[in-house]
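Just below is one structure, and these are the notes that go with it.
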Amino acid sequence: MDLVYGGGSIGLMGLVSQTVYDGECHVLGVIPRALVPIEISGHTVGEVLIVSDMHERKAEMARRADAFIALPGGYGTFEELLEMITWSQLGIHNKPVGLLNVDGYYDSLLGFFDKGVEEGFIGPSARNIVISARTATELIQKMEDYIPLHEQVAPSHSWKVEGCNGNL
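Numbering (the UniProt record's numbering) for the sequence shown: 1 to 168.
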């Protein structure tokens, strides 16, 4: 399984990228120039694409990825996760979005999504955009079985994303 990720060599993603690379799979890190001195310590893993800003990073990662998985993380992880969920809801992509819910890390966020459905802010079918599991094996299986069931706001051909021909 190949990996497209944020390009850092530290933290969980540093470990994941090294493991994927050691397994002789392709690794592509996409990182904004400003974060290179902060998120890359010492050596890089696989191919590294340096981009101008965070928007370009997310668009490039989305264009090249077949699916999205969020590991436990902080604000940056949440922001990237919510953008991929939103892009799915809008019809920009129809790729699976998964949460690796290690030790229930994302239980509160998943409960928040459920509350959004209960209060009428999130459509019930849109709640199905997010796939979660407590193990990587279970999450990968669920993502392989994923069929988009939610109603998209606009068809994917309505979106024009530079370099993506309307599809991410």
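Here a beta-carbon is modelled for each residue, glycine too, at the ideal position from N, C-alpha and C.
These figures come from a predicted structure and were not determined experimentally.
*At 4 residues or longer, and completely inside the segment 101-141: list those alpha helix (DSSP H) runs for me, N to C.*
Runs found: 107-118.
*What are the start and end residues of each continuous alpha helix (DSSP H) run of 4 or more residues lying completely inside the segment 68-105, in chain order?*
75-90, all fully within the segment 68-105.
*Neighbour-count burial assignment, residue 68, 16 or more Cβ in a 10 Å radius*: With 16 or more Cβ atoms within 10 Å of its Cβ, residue 68 is classed as buried.
*Identify, in the order they occur along the chain, each residue of the same chain with its Cβ nearer than 7 Å to the Cβ of residue 165, setting aside the five sequence neighbours on each side.*
Confidence at residue 165 is low in this model, with a pLDDT of 46, below 50, so the placement of that residue is unreliable and no value is reported for it.
_Is it buried or exposed, residue 139, if we count other Cβ atoms within 10 angstroms and call 16 or more buried?_
With at least 16 other beta carbons inside 10 angstroms of its own, residue 139 counts as buried.
*Go to residue 8, then tell me how far its beta strand (DSSP E) extends in each direction, as first and last residue.*
That residue, residue 8, is in no beta strand (DSSP E); it is neither H nor E in DSSP.
*Using the rule of at least 16 other Cβ atoms within 10 Å of the residue's Cβ for burial, across every protein chain shown, is residue 24 buried or exposed?*
When all chains shown are included, residue 24 counts as exposed.
*Run the CB neighbour count on residue 3, radius 10 Å, all protein chains shown included, and call it buried at 16 or more, exposed below.*
Under this definition residue 3 is a buried residue.
*Helix or strand or just coil, what does DSSP make of residue 32?*
Annotated three-state conformation of residue 32 is strand, per DSSP.
_Closest by C-alpha distance to residue 125, when choosing among 106, 151, 143_ = Ranking 106, 151, 143 by Cα distance to residue 125 puts 151 first.
*With a CB to CB cut of under 6 Å and the five nearest residues on each side skipped, what residues in its chain are close to residue 57?*
Within the same chain, residue 57 has close Cβ partners 30, 32, 51.
*Please list, in chain order, all residues of the same chain as residue 70 whose beta carbon is under 6 Å from its beta carbon, the five residues on each side excluded.*
Apart from the 5 residues on each side of it in sequence, residue 70 sits with its Cβ closer than 6 Å to the Cβ of 77, 81, 99 in its chain, given in chain order.
*Where does residue 49 sit, in a helix, a strand or coil, going by DSSP?*
Residue 49: strand per DSSP, three-state reduction.
*For the candidate residues 53, 79, 149, whose alpha-carbon lies nearest to that of residue 93?*
The shortest Cα separation from residue 93 among 53, 79, 149 belongs to 149.
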